[in-house]
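Chains as they are written, first to last, in this note's numbering: chain F, 899 to 1241; chain C, 899 to 1241.
Ideal Cβ positions, reconstructed from N, Cα and C, are used throughout, including at glycine.
Note that the structure is predicted; figures quoted are calculated from it, not measured.
What follows is the structure in structure tokens.
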């Protein structure tokens, strides 16, 4: 297990904190294009698996049967912020299935979107399961369970046929048998598999270009590309790096976060998959690291970088509204990076 | 700059995230007792300086003039959570000075204490300066400024005589000239000095046993020990490691957090100072690391460790209330640690 210095947090130009990580870029054949740190280290991909877990929803025919639209399919792949638009869509989707919030296995929480959480509290309301960042994924599972006439109870447990089917698909994409690796429980109650970081990049590259997978699986993945590209705000939310990157690149980079410092990106046109882990689990460092890698790969145009500047090197403001520092790729990392722009 | 692996975050027994850090234990003569990582690395001590910044409040005579009690002096050293008790005491103290919240230079924020923040929002209120974790420190500065008849405007700026006096005292304790080191701006608007980590430990050790400082300075420090020991809830708040550690050890360990992964502890009876920095700035790792060092030093009794168990290796619950992991000292760190208890 070894990491490289990826991201520095500065205060008035002096480095205050440092984030270390490992990352790997793979092509859809599984070959490593670039690597930093120990890419064999075991990681929990967490929510970075969501787009891969949504494949079955389409491939099974459930999505067609219930006429899921782009927004719903994007939401099935999402870690959404719990904005009103996300809450509403989960609620209406559940309603169309004849189900309610009570069927969701995830716990009741406040929205991650601060303004939405504050509005709820000011209105005298509390958190609920719809607000959970995983509620779209759970609604996707319920949709498939209904269609396949599987039990709706305990659909989140490892023993449930739906989770076994999901593990099979993940194992296919990652090209390993996930049952042979340690398994945890995720924040929303679903199984949380582990895999070497390199396998997450390989799975992401196959999601980017599924040409070597079965036809049905490949078609399901293309349908998800279309959904996410057309409804980027449903995969995360307003102001997030993931939604803005997807939107700005018009689907040429499909990024997905996972808890504890995980971030993946699928580049369909180039058939590449990127997976990175910030060792300490930091959310603030992973976006900066991914955008630096994308820039290093030449995957972002100047115009795209201009639009994404707030995520490329975010500024830090203090309580008085003064800019007191920034978060940036470490100077020692990625030689050849266009530092004049990034730093 | 080098760090050691201090803390692991696990999920179902498998390590998910890792926090690296540097730490040093010094005696009040300045000699190093124990060390991990690069202890010469430059750090921003941030709020770990607050007890040292409160020395002037007592030493100048301002504290006596305004009859500050233990709770107020503890609050002057605090990063409080903005609970009702903290808000009330800042407000009444300012009122006694003939001042208002408007005199505080820190920005308006919601309390860090989640329940207090939610109560405020539910009551239709917003954040204010009283809630800022630094409002006690700022009220302390205003008290000294009033007593010394210094301008109340811009008391937070580096050029103000109060900040220059504070830097002199910090330089005396840290045994370096802080004006020679980079300076940033803190979250609350005050100057944020830098120093090598070892100097923060030395300053903390001199705060633990000030016998080599001037009599007036030493007496002021003993007064602060008394205040913090008698009012531990005013230096942080309910449920915090800092308040509980101070309370459980009855003042034999006086800990203080700083933003971006900083934590110090003064051990008055042993004349020791500990300073640690988690490289990534994590708050969750610093408490676990400090308690591991204290255990390693034999500074905690079995009874004290029992009472502090929730901070020694905190469990992680998911949204369904299930324990899914824990935060613990890394297995490779601190050989000889009583792991059966800690792990």
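query, result
"Check residue 1239 of chain F in the structure and name its three-state DSSP category.", "Confidence at residue 1239 of chain F is low in this model, with a pLDDT of 39, below 50, so the placement of that residue should be treated as unreliable; the coordinate-derived value is given next. If DSSP states are grouped into helix, strand and coil, residue 1239 of chain F belongs with the helices."
"Along chain C, which residues have their Cβ under 9 Å away from the Cβ of residue 918 of chain F?", "901, 916, 918, 1177 and 1178"
"Taking contact to mean at least 3 C-beta pairs separated by less than 8 Å, is the stretch 1094-1113 of chain F in contact with the stretch 1162-1175 of chain F?", "yes"
"If you count every other CB in all the chains shown that lies within 10 Å of the CB of residue 1239 of chain F, and 16 or more means buried, which is it?", "Only weak support exists for where residue 1239 of chain F lies, its pLDDT of 39 falling under 50; the value from the coordinates is given anyway. Answer is exposed; the Cβ neighbour count stays below 16."
"Taking a contact to mean a Cβ-Cβ separation below 7 Å, would you say residue 1185 of chain F touches residue 1139 of chain F in this structure?", "yes"
"Between residue 1034 of chain C and chain F, is the shortest Cβ-Cβ distance under 7 Å, so that the two count as touching?", "no"
"Apart from the five residues just before and just after residue 956 of chain C, which ones in its own chain have a Cβ nearer than 6 Å to its Cβ?", "1118 and 1121"
"Per DSSP, what kind of secondary structure is residue 938 of chain C in: helix, strand or coil?", "coil"
"Below 8 Å on C-beta distance, what does residue 1184 of chain F contact in chain C?", "Chain C residues near residue 1184 of chain F: none, gap ~12 Å exceeds 8 Å."
"Measuring only the C-alpha atoms, how far is residue 1207 of chain C from residue 1025 of chain C?", "33 Å"
"Along chain F, which residues have their Cβ under 8 Å away from the Cβ of residue 1217 of chain C?", "1004, 1005, 1006, 1007, 1030, 1085, 1086 and 1087"
"With a threshold of 7 Å between beta carbons, is residue 1020 of chain F in contact with chain C?", "yes"
"What would DSSP say about residue 914 of chain C, mapped onto helix, strand or coil?", "strand"
"Name the chain D residues that come within less than 8 Å of residue 1081 of chain F, Cβ to Cβ?", "Structure shown: chain D not included; protein chains present are F and C."
"Is there a C-beta anywhere in chain C that falls below 7 Å from the one on residue 942 of chain F?", "yes"
"Do three or more CB pairs link the stretch 1075-1083 of chain C to the stretch 992-1003 of chain C at distances below 8 Å?", "no"
"Could you tell me whether the Cβ atoms of residue 992 of chain F and residue 969 of chain F are closer together than 7 Å?", "no"
"Evaluate residue 1049 of chain C with the Cβ neighbour count: other Cβ atoms within 10 Å of its Cβ, from every protein chain shown; 16 or more gives buried, anything less gives exposed.", "exposed"
"Please determine, among F/1038, F/1173, F/1095 and F/1129, the residue with the shortest C-alpha to C-alpha distance to residue 941 of chain F.", "F/1095"
"Please name the residue in F/1217, F/990 and F/1101 whose C-alpha comes closest to that of residue 1032 of chain C.", "F/1217"
"Can you name the start and end residues of the alpha helix (DSSP H) that residue 1020 of chain C belongs to?", "1012-1020"
"By the 10 Å Cβ neighbour count, where 16 or more other Cβ atoms means buried, how is residue 1199 of chain F classified, buried or exposed?", "exposed"
"Can you tell me where the alpha helix (DSSP H) with residue 1088 of chain F in it begins and where it stops?", "Per DSSP, residue 1088 of chain F belongs to no alpha helix (DSSP H) and is neither H nor E."
"Of the choices C/963, C/947 and C/1075, whose alpha-carbon is the least far from that of residue 1090 of chain C?", "C/947"
"Could you give the distance in angstroms between the alpha-carbon of residue 1154 of chain F and the alpha-carbon of residue 985 of chain C?", "41 Å"
"For residue 1213 of chain F, which of helix, strand or coil comes out of DSSP?", "strand"
"In whole angstroms, what separates the C-alpha of residue 1192 of chain F from that of residue 1203 of chain F?", "10 Å"
"For residue 1182 of chain C and residue 1181 of chain F, I'd like the C-alpha separation in whole angstroms.", "14 Å"
"At least one CB of chain F closer than 7 Å to the CB of residue 1222 of chain C: is that the case?", "yes"
"So for residue 1155 of chain C, helix, strand or coil by DSSP?", "strand"
"If we define contact as Cβ-Cβ less than 7 Å, is residue 1241 of chain F a contact residue for chain C?", "A caution first: residue 1241 of chain F carries a pLDDT of 32, below 50, which makes its placement in the model unreliable, though a value can still be read off. Residue 1241 of chain F does not count as touching chain C."
"Alpha carbon to alpha carbon, how far is residue 1102 of chain F from residue 1146 of chain C? Give it in angstroms, no decimals.", "50 Å"
"Taking the straight line between their C-alpha atoms, what separation do you get for residue 913 of chain C and residue 905 of chain C?", "10 Å"
"Alpha carbon to alpha carbon, how far is residue 1007 of chain F from residue 1085 of chain F?", "11 Å"
"Is residue 939 of chain F near residue 965 of chain F, with beta carbons less than 7 Å apart?", "no"
"Just how far apart, CA to CA, sit residue 982 of chain F and residue 1156 of chain F?", "22 Å"
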